[in-house]
Amino acid sequence: MKIHEYQGKEIFRRYGIPVPEGKVAQSAKEAHDVADTLSGKMVVKAQIHAGGRGKGTLKDAPTVHGVKLVDSADAAFAHAKALLGHALCTHQTGPEGQVVRRVLVEAATEIAKEYYVGMTLDREHSRVAFIASTEGGMEIEKVAAETPDKILRLGVDPAGGFTAFHGRKLAYGLGLAGDTAKQAAKIMASLYQVFVETDASLVEINPLVVTKKGDVIALDAKVNFDDNALFRHPELAALRDVDEEDPRERAAKDAELSYVALDGNIGCLVNGAGLAMSTMDIIKYVGGEPANFLDVGGGATADQVTTAFTIILKDPKVRAILVNIFGGIAKCDVVATGVVQAAKNVGLKVPLVVRLEGTNVELGKKILAESKLAITPASDMLDAANKAVAAAGGAK
Ligand code: ADP
Ligand code: MG
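389 is the number that the numbering used here gives to position 366 of the sequence shown; each next residue is one higher, with no gaps.
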């Protein structure tokens with residue numbers, strides 16, 4: 024689960040990680056009120072669940088950026104007014120952008136240098152890994168691709184936890200010295216605590232800056248939580264902002280389905296993550312593009328299948344649907360019932376290719392046949408993929 028920068032910064036504050044003074048606002052008037060409590064220059068920052076806001080601009084006003092330095096409460100009001108209610112496009116949002124519903128108004132920091140610090144789970148080595156770089160403010164993927172030597176990686180053994188050694192290694196590795204290095208090391212220790220105690224999957228500060236006075240401050244905050252651990256943190260689960268989620272992904276999540284929207288035109292309904300992956304692979308193999316990843320799970324109910332099918336049908340990009348079910352615990356007749364129910368509810372406007380195999384397959388096929396829906400049966404996965412791609416308009 025993702026949260027906003029202002030929420031991430033509130034968590035940082037609780038853990039003693041320095042962030043600029045400031046507050047979130049939902050209207051231009053509120054932005055003005057927050058700005059009134061600050062002195063000197065300020066920044067107004069669009070709050071959306073996507074990075075690249077600084078360089079990003081409004082969809083309908085390409086000169087208005089998502090992050091702006093202002094020097095008065097009136098200017099903060101004006102920029103908040105320009106952003107709120109409008110779609111901001113960044114390299115992470117796609118061309119439609121994401122509507123700005125909140126802005127963070129905070130004190131401007133006098134930046135001497137920007138750094139990057141991130142933490143994620145290194146699954147290969149089963150430990151939390153720090154990634155740090157002197158190239159702050161840039162996309163870390165770009166730094167990794169172009170100047171990999173500028174990236175410092177450091178894993179923390181979970182048995183020993185974070186020690187003073189890790190803090191020094193990171194701070195000195197970034198070329199910091201003296202009191203600045205001490206402050207940075209302390210921030211790293213707190214970040215580790217944030218990561219572990221909140222069950223985060225990603226914590227990123229880009230940029231972490233050293234100010235002209237030599238102080239270290241987090242100017243951005245990106246915190247993602249592990250969905251599977253959210254039940255342990257109701258206060259963190261409450262930070263969820265459904266407005267920021269893809270409506271189809273949200274409906275899927277609420278029905279406990281694993282769904283990821285993609286760019287292609289073949290909707291996929293599959294049981295089991297492995298089979299769902301190989302279904303996408305085989306669609307690509309025969310020249311098609313999947314519109315989604317969708318795993319209805321091992322023990323799918325007819326209602327879950329109905330929801331899943333409805334989500335796929337609502338995607339305007341979908342030109343054909345491929346149902347690929349290997350009945351094990353999930354029974355073919357249950358899936359068939361769900362498919363028929365959804366197709367009748369929502370209306371089936373695109374070709375449907377179905378490959379059923381396994382438990383209760385004959386019963387499943389009978390339900391589909393009796394439904395009188397225009398279904399193209401497929402004998403195996405390759406056959407199914409070929410038929411779906413042909414139905415969607417042919418291979419690219
Ligand atoms: P994004 O990563 O979405 O572009 P950031 O929060 O990183 O958004 O802001 C973009 C840039 O704006 C930063 O790299 C920094 O240079 C500048 N910036 C952000 N917050 C402040 C601040 N409080 N004071 C001064 N500059 C800031
Ligand atoms: Mg940033």
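Note that beta-carbon positions come from the ideal geometry of N, C-alpha and C, so glycine has one too.
With distances taken between CB atoms, is the gap from Ala-343 to Ala-415 smaller than 9 Å?
With a cutoff of 9 Å on beta-carbon distance, Ala-343 and Ala-415 are scored as near each other.
For ligand 2, residues whose Cβ lies under 6 Å from any non-hydrogen atom
Gly-74, Asn-229 and Asp-243
Just grab the DSSP bridge partners of Lys-46 for me.
Val-128
According to the Cβ coordinates, are Gly-183 and Met-211 closer than 9 Å?
no
Indicate the three-state DSSP secondary structure (helix, strand or coil) for Ala-212 in the structure shown.
helix
Which of the three DSSP states is assigned to Ser-149 in this structure?
Coil.
Comparing C-alpha positions only, which one of Ile-352, Tyr-308 and Glu-393 sits nearest to Lys-419?
Tyr-308
In terms of residues, what are the limits of the alpha helix (DSSP H) holding Ile-163?
163-169
Exposed or buried, which one is His-88 when buried takes at least 16 other CB atoms within 10 Å?
Buried, since its Cβ has 16 or more Cβ neighbours within 10 Å.
Ala-101 versus Asp-94: straight-line alpha-carbon distance, rounded:
11 Å
Do the stretch 234-249 and the stretch 28-42 make contact, defined as three or more Cβ pairs closer than 8 Å?
yes
Ends of the beta strand (DSSP E) at Leu-111?
110-112
Sorted by chain position, which residues of the same chain lie with C-beta nearer than 8 Å to Val-151's C-beta, five sequence neighbours on each side aside?
Met-142, Thr-143, Leu-144, Asp-145, Gly-178, Val-179, Pro-181, Tyr-215, Phe-218 and Val-219
Distance between Thr-234 and Glu-279 (C-alpha atoms, nearest Å)
The alpha-carbon atoms of Glu-279 and Thr-234 are separated by roughly 46 Å.
Spatial neighbours of Gly-381 in its chain, beta-carbon cut-off 7 Å, leaving aside the 5 residues before and after
Closer than 7 Å at the Cβ level, and outside the excluded window around Gly-381, lie Phe-349, Gly-350, Gly-351 and Cys-355.
Can you tell me where the alpha helix (DSSP H) holding Asn-294 begins and where it ends?
From DSSP, Asn-294 is part of no alpha helix (DSSP H); its letter is neither H nor E.
Could you check which residue in Val-126, Asn-251, Asn-294 and Ala-96 has the C-alpha nearest to that of Gly-108?
Val-126
For the 8 Å Cβ check, are there 3 or more pairs between the stretch 38-58 and the stretch 255-272?
no
For Glu-312, I'd like the list of residues in its chain whose CB is within less than 8 Å of its CB, leaving aside the five on either flank, ordered along the chain.
Leu-285, Asp-286, Gly-287, Asn-288, Ile-289, Ile-306 and Lys-419
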